[in-house]
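Number of protein chains: 2
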Amino acid sequence: MEGNHAFFVHKNQLVNALQHVQKAVSSKTTIPILTGIKFDIGTKGLIITGSDSDISIQVLIPLVENGEEWVQLIIPGKIVVPAKYILEIVKKLPGEMIEFEVIDHFTIIIKSGSSEFRLNGFDADEYPNLPQIIDEEEHVFTIPSDLLKMMIRQTQFAVSTIESRPILTGVLWNLENQVLKFTATDSHRLAVREATVESLTNLSFQNVVIPGRSLSELSKILDDTQTPVEIIVNENQILIKMNHVLFLSRLLDGTYPDTSRIIPDKYKTKIIIQTKKLLESIERASLLARDGKNNIVKFTNIENLLIEVSSNSPEVGNVTDQLQIKNIEGEPVKISFNAKYMLDALRAIDSEEVQIEFTGALSPFVIKPIEHHRILQLILPVRTY
Amino acid sequence: MEGNHAFFVHKNQLVNALQHVQKAVSSKTTIPILTGIKFDIGTKGLIITGSDSDISIQVLIPLVENGEEWVQLIIPGKIVVPAKYILEIVKKLPGEMIEFEVIDHFTIIIKSGSSEFRLNGFDADEYPNLPQIIDEEEHVFTIPSDLLKMMIRQTQFAVSTIESRPILTGVLWNLENQVLKFTATDSHRLAVREATVESLTNLSFQNVVIPGRSLSELSKILDDTQTPVEIIVNENQILIKMNHVLFLSRLLDGTYPDTSRIIPDKYKTKIIIQTKKLLESIERASLLARDGKNNIVKFTNIENLLIEVSSNSPEVGNVTDQLQIKNIEGEPVKISFNAKYMLDALRAIDSEEVQIEFTGALSPFVIKPIEHHRILQLILPVRTY
Chain Y
0 MEGNHAFFVH KNQLVNALQH VQKAVSSKTT IPILTGIKFD IGTKGLIITG SDSDISIQVL
60 IPLVENGEEW VQLIIPGKIV VPAKYILEIV KKLPGEMIEF EVIDHFTIII KSGSSEFRLN
120 GFDADEYPNL PQIIDEEEHV FTIPSDLLKM MIRQTQFAVS TIESRPILTG VLWNLENQVL
180 KFTATDSHRL AVREATVESL TNLSFQNVVI PGRSLSELSK ILDDTQTPVE IIVNENQILI
240 KMNHVLFLSR LLDGTYPDTS RIIPDKYKTK IIIQTKKLLE SIERASLLAR DGKNNIVKFT
300 NIENLLIEVS SNSPEVGNVT DQLQIKNIEG EPVKISFNAK YMLDALRAID SEEVQIEFTG
360 ALSPFVIKPI EHHRILQLIL PVRTY
Chain A
0 MEGNHAFFVH KNQLVNALQH VQKAVSSKTT IPILTGIKFD IGTKGLIITG SDSDISIQVL
60 IPLVENGEEW VQLIIPGKIV VPAKYILEIV KKLPGEMIEF EVIDHFTIII KSGSSEFRLN
120 GFDADEYPNL PQIIDEEEHV FTIPSDLLKM MIRQTQFAVS TIESRPILTG VLWNLENQVL
180 KFTATDSHRL AVREATVESL TNLSFQNVVI PGRSLSELSK ILDDTQTPVE IIVNENQILI
240 KMNHVLFLSR LLDGTYPDTS RIIPDKYKTK IIIQTKKLLE SIERASLLAR DGKNNIVKFT
300 NIENLLIEVS SNSPEVGNVT DQLQIKNIEG EPVKISFNAK YMLDALRAID SEEVQIEFTG
360 ALSPFVIKPI EHHRILQLIL PVRTY
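Heads up: the sequence lines are chains Y and A, in that order. Here the first sequence stands for residues 0 to 384, numbered as in numbering that gives the first Met the number 0. Here the second sequence stands for residues 0 to 384, numbered as in numbering that gives the first Met the number 0.
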């Protein structure tokens, strides 16, 4: 029959691939074909694709890998399978290998052991083509998977969640002199992270702004190894190439604001403090305040090396916490800030001690590790004194 | 100051006690005092109580247990602490011991390490007294904790969730000749579980109906040991006494229907089947149907020892699954039922094989373990053939 195609695929490989691809599929899409996942079976193997038109994810399950036969090709072809059911069905099938066959154009027969599913599929010709990205060596840079994942974790939380300035819902990527720099801000706080990366040519770009949601989905796919990931950026798209996985995201339109002038270059007070102790103290102070609108905590030098962290919620009560600091330079501190911003910033810094640089009760302050300055968190204080 | 009281309590003991007591506290209560947890410190130790007036839970933290000093009494007294914050505060306090002090009548000071919380409490005199239950030996029976927990798990899921017949939202307990019997039904299915229990006298009762929600909270507190639990029932209340924990629930008003006549005493077909294989097969068959209103699967003898489990969802597709059975007696089976009821019933039977007794396509059928008949699940089929 015309259009018939068939193949066998190893269950665990398919479950793994579907879990990746489903991160790009939205149940809220207005484009019916995008509620499906495209299966394309050919001589390379089985290629499955999911997309919500902002993010597209494509996974290849090769015919053979490391001597293991993952896919057995019978007749090549393509079909779009309903995303809502396919992962659960595959997970619950009894056998190790699963047979797919397409009949009567779009009816998919899925067999394994003594089970047989018949699903109504969609025409793969209606599935949108992924944007083509010129994949030439001079446009590529590479970064270890675990480093990219860490850089996302250390910045992405600071993007704006309000749509009034859409450009701030993304993370700015700059590349210059082999230094990749991520910047995120919601205009109340700022997170910056830098790292050295490799490119064959002296590749550089500015104003590449990637939606926060894309990065959050990407970081779920990135593994915690140092395996290099290839990245290619063009005017509208970014492509991240992992082992057998392609991740494609659109970029945000518009010009990202210049944030360099916000970062103070001198300070009035510099303190050094244990990260975990400060984190726990802010957590306690925010327990009563977190239901309030601003979740404000006060941070006050009460003795040279003693800080009081406090908050007050008139109806509930108040909390004060005393905290030893390791070192202080400059004038005593008395400042108020949003506890959530401080918690986010401290959780992003994987360092036993942090230094905090204050430039006055109403000026932004900066939190950094003390070992290196490749990560910087900035918070705008709140007026309460 | 009048009414001042103070004590120290071990953090882990208090966290544990609060986690139990909070199961009885509802944030939706219309009685403000019940948004709090009562702390009562005296010579026995610290007694904490939570209640939503349907369920009350009381935990004693003794002054000393197994040579460990859990509570240090300074001045006795009582206070009601806001439930919304207290557990999180205690969990996040830095020290091993926590100091409580009440000043100015209802201000609670909580100190640990360098942290100090001040919370606005409530007057403990406004907290309702728990109903008194006559705790005489002749009204008590005992049951191992793990057995009671299992009996709840095997019946409670079958209670009705609709309020139109309130009595069916509870589980019926009967005790006669040292046999405790639980019955639950939502009028589409029925779960019955029996066990032998101990009582000093030949205690018996009928028509004791305990709200399903009470049992669900109780089973979270029951531990998985054979430690005996004491149970006392009166006209309106049931009291379950565990080690240092009292659980009190109101009973449902009304007469529970007589379900004994629904259970067929003969069958037209009896099959024996592996529980896990049947469960997995029904799970697959219900994957496509579960979004539909009825989640119907068909169960048909296609050969003597071969069953086809199938379901059809016109828009999505269909599924058929073939299943070997171990034994069949009587005429071939052809029946349809709600997959969820079957899954619930099979998950409640901890037995490698089950026997199912059918009495016709439109009559209730019965699922039991084959080793014993102390558990019985009954399902009303659906007309589709």
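Quick reminder that beta carbons are idealized off the backbone N, C-alpha and C, glycines included. Computed from a predicted structure; not experimentally measured.
Just the C-alpha distance for residue i and residue j, rounded to the nearest angstrom, thanks.
i	j	result
Gln131 of chain Y	Gly211 of chain A	58 Å
Leu179 of chain Y	Ile262 of chain Y	18 Å
Gly76 of chain A	Ile40 of chain A	6 Å
Val365 of chain A	Gln18 of chain A	39 Å
Asp223 of chain Y	Arg152 of chain Y	13 Å
Asp349 of chain A	Leu287 of chain Y	45 Å
Val208 of chain Y	Ile56 of chain Y	19 Å
Gly49 of chain A	Val58 of chain A	9 Å
Lys91 of chain A	Ala338 of chain A	44 Å
Val232 of chain A	Leu118 of chain A	38 Å
Ile166 of chain A	Phe105 of chain A	41 Å
Leu322 of chain A	Thr168 of chain A	35 Å
Met0 of chain A	Ala123 of chain A	Low local confidence applies: a pLDDT of 37 at Met0 of chain A is under 50, so the model's placement there is unreliable, with the coordinate-based value given in what follows. Taking the straight line from one Cα to the other gives about 17 Å.
Asn65 of chain Y	Lys22 of chain Y	27 Å
Glu67 of chain Y	Thr42 of chain Y	16 Å
Val14 of chain A	Lys276 of chain Y	21 Å
Glu162 of chain A	Ile237 of chain Y	54 Å
Leu375 of chain A	Val158 of chain Y	56 Å
Leu345 of chain Y	Leu251 of chain A	52 Å
Leu278 of chain A	Glu87 of chain Y	15 Å
Val318 of chain Y	Glu307 of chain Y	10 Å
Met150 of chain Y	Met241 of chain Y	17 Å
What residue range is occupied by the uninterrupted beta strand (DSSP E) comprising residue i?
i	result
Asn176 of chain A	Segment: none, Asn176 of chain A is in no beta strand (DSSP E) and carries neither H nor E.
Lys333 of chain A	333-337
Thr274 of chain A	Note, Thr274 of chain A: premise wrong, no beta strand (DSSP E); alpha helix (DSSP H) at 274-288.
His4 of chain A	4-9
Leu305 of chain A	305-312
Leu72 of chain Y	70-74
Ile301 of chain A	295-302
Ile355 of chain A	352-357
Gly211 of chain Y	Per DSSP, Gly211 of chain Y belongs to no beta strand (DSSP E); it is in the alpha helix (DSSP H), 211-220.
Asp320 of chain A	316-323
If you follow the alpha helix (DSSP H) that residue i is part of, which residue opens it and which one closes it?
i	result
Asn326 of chain A	Where Asn326 of chain A is concerned, there is no enclosing alpha helix (DSSP H), although the beta strand (DSSP E) it sits in stretches over 326-329.
Gln153 of chain Y	144-154
Glu87 of chain A	82-91
Ile36 of chain A	Here Ile36 of chain A belongs to no alpha helix (DSSP H); instead the beta strand (DSSP E) covers 35-40.
Whole-angstrom Cβ separation of residue i and residue j, contact assumed at under 8 Å?
i	j	result
Lys367 of chain A	Ser335 of chain A	No, Lys367 of chain A and Ser335 of chain A are not in contact; Cβ-Cβ is about 21 Å, not under 8 Å.
Val80 of chain Y	Ile107 of chain Y	6 Å
Gly329 of chain Y	Lys267 of chain Y	5 Å
Ile32 of chain Y	Tyr126 of chain Y	5 Å
Leu304 of chain Y	Ile324 of chain Y	5 Å
Glu135 of chain Y	Leu199 of chain Y	That belief does not hold up - the Cβ atoms of Glu135 of chain Y and Leu199 of chain Y are roughly 10 Å apart, past 8 Å.
Arg249 of chain Y	Asp51 of chain Y	The Cβ separation is near 10 Å, so there is no contact.
Glu229 of chain A	Ser203 of chain A	Wrong, their Cβ atoms sit about 17 Å apart, outside the cutoff.
Checking the sheet assignment: what are the DSSP bridge partners for residue i?
i	result
His371 of chain A	Looking at the DSSP assignment, His371 of chain A forms no beta bridge with any residue, so it has no partner.
Arg249 of chain Y	Y:Gln236
Leu342 of chain A	DSSP output for Leu342 of chain A lists no bridge partner at all.
Leu59 of chain A	A:Ile46
Thr106 of chain Y	Y:Ile102, Y:Asn119
Ala157 of chain Y	In DSSP, Ala157 of chain Y forms no bridge with anything.
Leu377 of chain Y	Y:Leu189, Y:Val365
Glu229 of chain Y	Y:Thr141, Y:Lys240
Glu197 of chain Y	Y:Thr141
Is the separation between the beta-carbon of residue i and that of residue j shorter than 8 Å?
i	j	result
Phe140 of chain A	Glu197 of chain A	yes
Phe116 of chain Y	Ile73 of chain Y	no
Asn173 of chain A	Gln205 of chain A	yes
Val332 of chain Y	Ile272 of chain Y	no
Val70 of chain A	Val8 of chain A	yes
Phe156 of chain A	Ala347 of chain A	yes
Gly44 of chain A	Pro61 of chain A	yes
Ser285 of chain A	Ser310 of chain A	yes
Ile97 of chain A	Lys10 of chain A	yes
Gln225 of chain A	Ser312 of chain A	no
Asn201 of chain A	Val101 of chain A	no
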